Every structure is written in C-alpha cells, then in structure tokens.
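Read in order, the letters of the sequence shown are residues 361 to 805 in our numbering.
One structure is given below, encoded as structure tokens.
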Amino acid sequence: MVNDNYTQPVSGELPQSQETVPNKNSLNSYLPLRTKGNEFDWNAVVGLVLRSLLRKKVENYSYDDFLNDCQNSFKEKLDEEEFWTVLQKMYFDNEDIFTVSPELLLFKAQKGTFAKSDERIALLFTNLLQNLRIEEFDVQLNFIERELLSTLRSKMKIDSSFESTESPYLPSLSAAFREDFKFLSTRPKYLLNEIEQFLSFYAFTYTAQLSLAISDWRTGEAPKSKPLYFIMDHERASNERTHIKNHGYKLFNESAYRLFPVLSMLEQLQPNPKEKKVPLWKISHDIQNCKLESVATQLKNFSYAFRAQRKLDTELEHYEEAIDWLGNIIKLAIAQFNDSKTERPGINKKYVVEVEKQLAANFIQSRGRSGRVLVLNQDYIILLTNIVVGKNEKLRFHELITKFQQRGIFVDKQTEQELIKFYERIGNVERMSDSGDAVYVRKTI
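This is the structure:
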C-alpha cells in the first residue's frame, strides 16, 4: 500500500457512535490461535507451508492411487515384477516415501485433509515468508526415487491460493525466517528431518517477540528483537540469575496478556480491508505523518464511542494530536479485559493458556521454587546453530550469540559458558588462541 501524507491511516469506517461499535472483539490476523479448536497436525501444516513455498498442489489423489501409478510406471521399466514388491515394502508400507523429498509432503496438504486450525498455523508461516518462492528442491535421488517423485510431479498443479495476507509485524524476524528457510532448502534431507522442529521454533519465537513488541508502537518504527532469556534444559535456574527470573518466562507470560486485547483492536483500525493487514506500529507511523486534520477527531469520537459501548470508567486524556488519541484507544483496548464484571478477563486468559499450550509448551519448564523458565533443549540448540552458521563454514561464538538474538533467543553469561561446553562435547568448536577468547563454532551438517 502506497502512503502519502493525505492517505487515510485508519479505517474510514471506524465507528463514531456507541451504537455502531461491535459488541464483540474478533481476531483474524497476526496470531493463529482462538480460544478453542487450536489442535493442529504438523504433517498438514508442513504440507501447506511447502504448498505456499512451491506454488504447487496435489488434489483428489489418494495414497492408493499414487501407489498404483508408481507400480504401473515401474512395470514399464523393470523386467522383474518381484522387484516392485521390494520397492513397495521399502517406500510405501510404512510411508517412507515421504522421506524422499520435501515435495512429496504436498500429498499431506490436499483439500479436505486439513483443518481450519492447520490452515491458520500455516498462514502464520506464509506471512513470515512474504511470498518467498522455491522452484524445487535439489535432492540427490537414486533412479527409483526420481521415478517416484516424477509420478507425483505429473499430478501437481500450479497453486496460488496461499498468499501472504499481512505486512510483517516483525520484519527482522521475518527476514531471518526467510534466510533460514532458504538455507535449509539447499539441504533437503536435513530440511525433511528438521522442518517440524524448525517451524515449531519460529511459531514460538514469533509469538513471544510479538507479545513483547505489541506495546512498542508509538515510535512508528519496525520492532527489533527484544531480550527474552533462555537457559539450556539441564541448567539450574537460581533466583540470583536476574535475567532468567525477570526477563524470561515471567516477562513472556505477562506480555502475552496484551496480545488479544491489542490485536483485536488492530482489526478495527485496519485502513483498507482489500489490502494486506498492517501492524499497529505502521498505523502509528502513518498517523504521525498524516496531514488530514479529520483523523484526530475520528479517533477521538471512536474512543468515546468504544468506552461507552464497553461501559468502561477509564479516564481519557484530552489531546490535540491524533497519535495521542490512538494511545487512548489502546488504553481502552486493554482496560476492557480488566473489567471483572464481564467475561472478558476469562476470555483473555484462555488465549494466553492456548498460546502456552499450543506454541510454547516445548520451551517452558517448571523448576520448583524458581518457578517456570524458558528453555532450549539440545535438539533445538543444534538446529539453531546449524541455521545461523548457515552457508558459513564457522562463526565466532559472539557472532553466533548475536544471530541467536536476532531470532529472539537471549542467554546470560552462565548459559554462554554452558553452550561452549556443549559445543566442545559434540566436537564442533575451535579455539583459535591459547587464551580461549577466539572461539569458533561449526555446523554439524
């Protein structure tokens, strides 16, 4: 969307009277969860993400049909019929065919085989990818596997149904996701092994960083990753580690309570329903650069109308500037969910519970008196290390930590030492000086 100083920065249909304010809060963008019905199937999600990436789809094609087509294809090329029995056992009886190439996972994303919740989670990644396209994966296949893939490719159709619907709320994280996906696509077998873990990491770090960034809208600038502290899953979490205590799980949990209130208000503010959704910080930027005098009045009227409809006693500051009235609106958005006379606090809590259950469960541990902490297990650490080293042969340890931070992972000095010990154990670290200052980390792939 092209903006000039006279472009309407918020919805022209923003309610101006109590009677026209919707009595319910709805959320359709930037967060893929609802208060219920969020269970999703990673096989379907992975298939849908690859469908978006490849712009290809498979439709109305059963597993049995695929098996029969492969059998017929090989009958023409193989002299011995018994050999097909061996191939069927190798590739089809236990669905090992899906470990041959990422493209075969399109089979899992056929219409009618996935749920709404699968589609919502997949759309999160489609929006992070921002229409990144990969033509095909360069997999080193044997003759048999090339034939199997060729059979499925003959059934593929061009697909453009999964396009991004949102401008990135977190552009730097979106850029990191695209960079990491492009790197993984050059190693298709590793991608196949790790794609579920890779997507689950980004679903969590996106949601966590979104919860931290949601209040930082007034600057009108795209948010950078904010400190959120993790430990390795074998470490002790003593109360003396202040970053872990104050800027770890506790900060994430408190920040998550702002997600639904602010994002549901953002739905009402969206300037153009026919174009991509835009973040609150972008609306803030456009309001501050807008020369339309009517915007302040529009936001002021909406503030009073919303407060009246929700029966809130929140005091509104009186301002001249439109950006300050946006501040009043966000204050009301949050205040309505603190009104104990309504069901809204309970609804908001359900959202937070669903975020932790569906997206954060792999990253939260209970540590007795220390309470809950954010953790990374060894599998996630190895995956993260491989994707941030990426095309490089190795990275200085401190560069590695900076790239972790770009992806929303912060660690204190104690965890840094634990990471180095871990890398030394698995043998992918080099010390380039006797002092030990110059530590380099290599990929494990």
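Glycine included, C-beta positions come from ideal geometry on N, C-alpha and C.
Since we're looking at a predicted model, the values are computed, not measured.
Task: Distance, residue 522 Cα to residue 485 Cα - done: Within the sequence shown, numbered from 1, the residue matching residue 485 stands at position 125. Within the sequence shown, numbered from 1, the residue matching residue 522 stands at position 162. Distance between the alpha carbons of residue 485 and residue 522: 10 Å.
Open item on the list: Comparing C-alpha positions only, which one of 622, 515, 460 sits nearest to residue 503?
Closed with: As a first step, residue 503 is located in the sequence shown; it is residue number 143 there, counting from the start. That would be 460, whose Cα lies nearest to the Cα of residue 503.
Task: 8 Å contact criterion, which residue 525 and residue 636 should meet: CB distance rounded - done: Residue mapping note: residue 525 aligns to position 165 of the sequence shown, counting from 1. Residue mapping note: residue 636 aligns to position 276 of the sequence shown, counting from 1. 6 Å between Cβ atoms; contact.
TODO: Reducing DSSP to helix, strand and coil, say where residue 571 ends up.
DONE: Locating residue 571 in the sequence shown gives position 211, where the first residue counts as 1. Residue state, collapsed to three classes: helix.
TODO: Given a cut-off of 7 Å, decide if residue 735 and residue 593 are closer than it, judged by their beta-carbon atoms.
DONE: Along the sequence shown, read from residue 1 onward, the residue named residue 593 stands at position 233. Along the sequence shown, read from residue 1 onward, the residue named residue 735 stands at position 375. In this structure, residue 735 lies closer than 7 Å to residue 593 by Cβ.
Task: Same chain, Cβ closer than 7 Å to residue 386, neighbours up to 5 away in sequence not counted - done: Within the sequence shown, residue 386 is the residue found at index 26, counting from 1. Answer for residue 386: 624, 627, listed in chain order.
Task: residue 802 - containing beta strand (DSSP E), residue span - done: For this step, residue 802 is matched to residue 442 along the sequence shown. Start and end: 799-802.
- [ ] Just tell me which of 577, 430, 491, 479 has its CA closest to the CA of residue 506.
- [x] Taking the sequence shown and counting its residues from 1, one reaches residue 506 at position 146. Considering only alpha carbons, the answer is 430.
Task: Those residues which DSSP pairs with residue 726 across a bridge - done: As a working mapping, residue 726 is identified with position 366 in the sequence shown. Beta-bridge pairing links residue 726 to 732.
Open item on the list: For residue 582 and residue 531, which I take to be in contact (beta-carbon distance under 8 Å), what is that distance rounded to the nearest angstrom?
Closed with: By one-based count along the sequence shown, residue 582 stands at place 222. By one-based count along the sequence shown, residue 531 stands at place 171. About 5 Å; that satisfies the 8 Å criterion.
TODO: Below 8 Å CB to CB, which residues in the same chain sit around residue 538 once its five sequence neighbours on both sides are set aside?
DONE: Along the sequence shown, read from residue 1 onward, the residue named residue 538 stands at position 178. Closer than 8 Å at the Cβ level, and outside the excluded window around residue 538, lie 488, 489, 490, 492.
Task: Delimiting residues of the beta strand (DSSP E) encompassing residue 789 - done: Counting from one through the sequence shown, the residue named residue 789 turns up at place 429. Where residue 789 is concerned, the enclosing beta strand (DSSP E) stretches over 789-791.
Open item on the list: In whole angstroms, give me the CA-to-CA distance for residue 727 and residue 438.
Closed with: Residue mapping note: residue 727 aligns to position 367 of the sequence shown, counting from 1. Residue mapping note: residue 438 aligns to position 78 of the sequence shown, counting from 1. Going by the C-alpha atoms only, they are around 60 Å apart.
Task: residue 562 - DSSP class collapsed to helix/strand/coil - done: As a first step, residue 562 is located in the sequence shown; it is residue number 202 there, counting from the start. Residue 562: helix per DSSP, three-state reduction.
Task: Rounded separation between residue 365 and residue 388 - CA only - done: Mapped onto the sequence shown, residue 365 falls at position 5. Mapped onto the sequence shown, residue 388 falls at position 28. If I take the Cα positions, the gap works out to 28 Å.
Task: Exposure label - residue 786; buried when at least 16 CB within 10 Å - done: Counting from 1 along the sequence shown, the entry for residue 786 is found at position 426. That one is exposed.
TODO: Just list the alpha helix (DSSP H) runs in the region 677-761, keeping only unbroken ones of 4 residues or longer that don't cross its boundaries, in chain order.
DONE: Complete alpha helix (DSSP H) runs here, min 4: 682-695, 704-714, 738-749.
Open item on the list: So, under 8 Å CB-CB, residue 647 and residue 676 are touching, yes? Tell me the CB distance rounded to an integer number of Å.
Closed with: For this step, residue 647 is matched to residue 287 along the sequence shown. For this step, residue 676 is matched to residue 316 along the sequence shown. That pair is no contact at about 17 Å.
Task: Buried versus exposed, by CB contacts within 10 Å (16 or more), residue 565 - done: Counting from one through the sequence shown, the residue named residue 565 turns up at place 205. So residue 565 ends up on the buried side.
- [ ] Quick one: which unbroken beta strand (DSSP E) runs of 3-plus residues sit fully inside the region 432-507? Chain order, please.
- [x] If one requires a minimum length of 3 residues, no beta strand (DSSP E) run lies completely within the region 432-507.
Open item on the list: I want to check one thing, is the minimum distance from the CB of residue 640 to the heavy atoms of the ligand ADP below 6 Å?
Closed with: Although the ligand ADP was asked about, the structure shown includes no ligands whatsoever.
TODO: Could you give the DSSP three-state label for residue 400: helix, strand or coil?
DONE: Looking up residue 400 in the sequence shown gives position 40. In this structure, residue 400 counts as coil in the three-state DSSP scheme.
Open item on the list: Taking only three categories from DSSP, how would you classify residue 529?
Closed with: As a working note, residue 529 is residue 169 in the sequence shown. Residue 529: coil per DSSP, three-state reduction.
Task: CB contact flag (residue 404, residue 456, <7 Å) - done: Mapped onto the sequence shown, residue 404 falls at position 44. Mapped onto the sequence shown, residue 456 falls at position 96. Not a contact, by the Cβ cut-off of 7 Å.
Open item on the list: Can you tell me whether residue 510 is helix, strand or coil according to DSSP?
Closed with: Counted from its first residue, the sequence shown places residue 510 at position 150. Three-state result, residue 510: helix.
Open item on the list: Tell me which residues share the same chain as residue 572 and place their Cβ nearer than 6 Å to its Cβ, disregarding the 5 neighbours each side in the sequence.
Closed with: For the purposes of this step, residue 572 is identified with residue 212 of the sequence shown, where counting begins at 1. Excluding sequence neighbours, residue 572 sits near 586, 615.
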